[in-house]
Amino acid sequence: MQVTVGENENGESAIRRFRRAVMNSGHINETRRRRYFENVQDIKKRKQSTPRKKKGGKPRTAAQALAEKEQAASNPGGGRGRGGGGEFRGGGGFRGRD
Numbered sequence: 048m049q050v051t052v053g054e055n056e057n058g059e060s061a062i063r064r065f066r067r068a069v070m071n072s073g074h075i076n077e078t079r080r081r082r083y084f085e086n087v088q089d090i091k092k093r094k095q096s097t098p099r100k101k102k103g104g105k106p107r108t109a110a111q112a113l114a115e116k117e118q119a120a121s122n123p124g125g126g127r128g129r130g131g132g133g134e135f136r137g138g139g140g141f142r143g144r145d
């Protein structure tokens, strides 16, 4: 990781930029994760719990964002049908002991 310091830049701001660059690069999280051995079950659990980034897709224009905002305001249920779209949708989860 490398941060170039400008001529009139304060040292503290350069350190701040360096810290931000390190955090955004993911080096800290990777080192914390590799600190201890992780068995296969733990790897699967971690991968399942981490959110995935969506690939592709067109960036929205301001008009599209405004239209979606107005639509959401006029339809407070979220347009999810009868269920209401609550946080818990059933299926999966705790199954108890057998």
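Sequential numbering from 48 applies to the sequence shown in my numbering. C-beta atoms are modelled at their ideal positions from N, C-alpha and C, and glycine is treated no differently. Quantities reported herein were computed from a predicted structural model and do not represent experimental measurements.
Three-state class that DSSP yields for residue i in the structure shown
i      : result
Gly53  : coil
Glu117 : helix
Arg64  : helix
Met48  : coil
Asn71  : helix
Contacts around residue i, its chain only, beta-carbon distance under 6 Å, and the 5 residues preceding and following it disregarded
i      : result
Val69  : Met48
Ala120 : none
Limits of the alpha helix (DSSP H) - the one that residue i falls within
i      : result
Asn76  : His74 to Arg80
Lys105 : Per DSSP, Lys105 belongs to no alpha helix (DSSP H) and is neither H nor E.
Lys92  : Val87 to Ser96
Alpha carbon of residue i to alpha carbon of residue j, nearest angstrom
i      : j      : result
Asp89  : Arg99  : 17 Å
Asn122 : Lys101 : 25 Å
Lys105 : Phe84  : 40 Å
Contacts around residue i, its chain only, beta-carbon distance under 8 Å, and the 5 residues preceding and following it disregarded
i     : result
Ile75 : Val69
Proximity of residue i and residue j at Cβ, strictly below 8 Å
i     : j     : result
Val87 : Phe65 : no
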